[in-house]
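Take a look at the structure set out below.
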Amino acid sequence: MRSRIEPMKKIVRMLRSHRELILNYFKARKIISSGIIEGLNNKAKVTMRKSYGFRTFRIAELALYHVLGKLPEPELAHKFY
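Quick note on numbering: numbering that gives the first Met the number 0 labels position 67 of the sequence shown as 66, and the sequence is numbered without any gaps.
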C-alpha cells in the first residue's frame, strides 16, 4: 500500500479482501480434489449438448436436475407402445 502506483494499490486491496479464500486454497492443498467438480461440469456440458432440441430452457433445466441430482423420472403422460 506504500506504493505510489494506483494499480498496485488496487491489487493489494483485492488480495486483502479475498485473503481468507486464498489461504483456504493453500490449507486444503492435496486434501480436496477438484475432480468431483470437473466431473459434474462435464455431465452438465453433455446434458446441455443433448438438450439443443428442447423448446424451452425450463425443459433443459429439468434435464440438468435429473442428471446432476439423480431425481426420479416423472410418469409419462403418453404411452409409446
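Built from N, CA and C at the ideal position, the CB exists for glycine as well.
In its own chain, which residues sit with a C-beta less than 7 angstroms from the C-beta of residue i, not counting the 5 before and 5 after it?
i: GLU2; result: Here the sequence assigns Ser to residue 2, which means Glu is not the residue at that position. Within the same chain, SER2 has close Cβ partners LYS8.
i: ALA62; result: THR46 and SER50
i: PHE53; result: ALA59
Tell me which residue opens and which closes the alpha helix (DSSP H) that residue i is part of.
i: HIS17; result: First-last for HIS17: undefined, no H or E at that position.
Once you ignore the five residues that flank residue i on each side, which residues in its own chain have a CB closer than 8 angstroms to its CB?
i: LEU39; result: LEU67
Beta-carbon separation of residue i and residue j under 8 angstroms?
i: ILE4; j: LEU14; result: no
Checking contacts by CB at 8 angstroms: is residue i closer than that to chain B?
i: ARG57; result: Checking the listed chains, one finds no chain B in this structure; it contains a single protein chain.
Please list, in chain order, all residues of the same chain as residue i whose beta carbon is under 6 angstroms from its beta carbon, the five residues on each side excluded.
i: VAL11; result: MET0
>> Suppose only complete runs of 4+ residues qualify. What are the alpha helix (DSSP H) ranges in the stretch 15-70, listed by chain order?
In response: DSSP assignment within the stretch 15-70 yields the following whole alpha helix (DSSP H) runs of 4 residues or more, N-terminal first: 18-26, 34-49 and 56-68.
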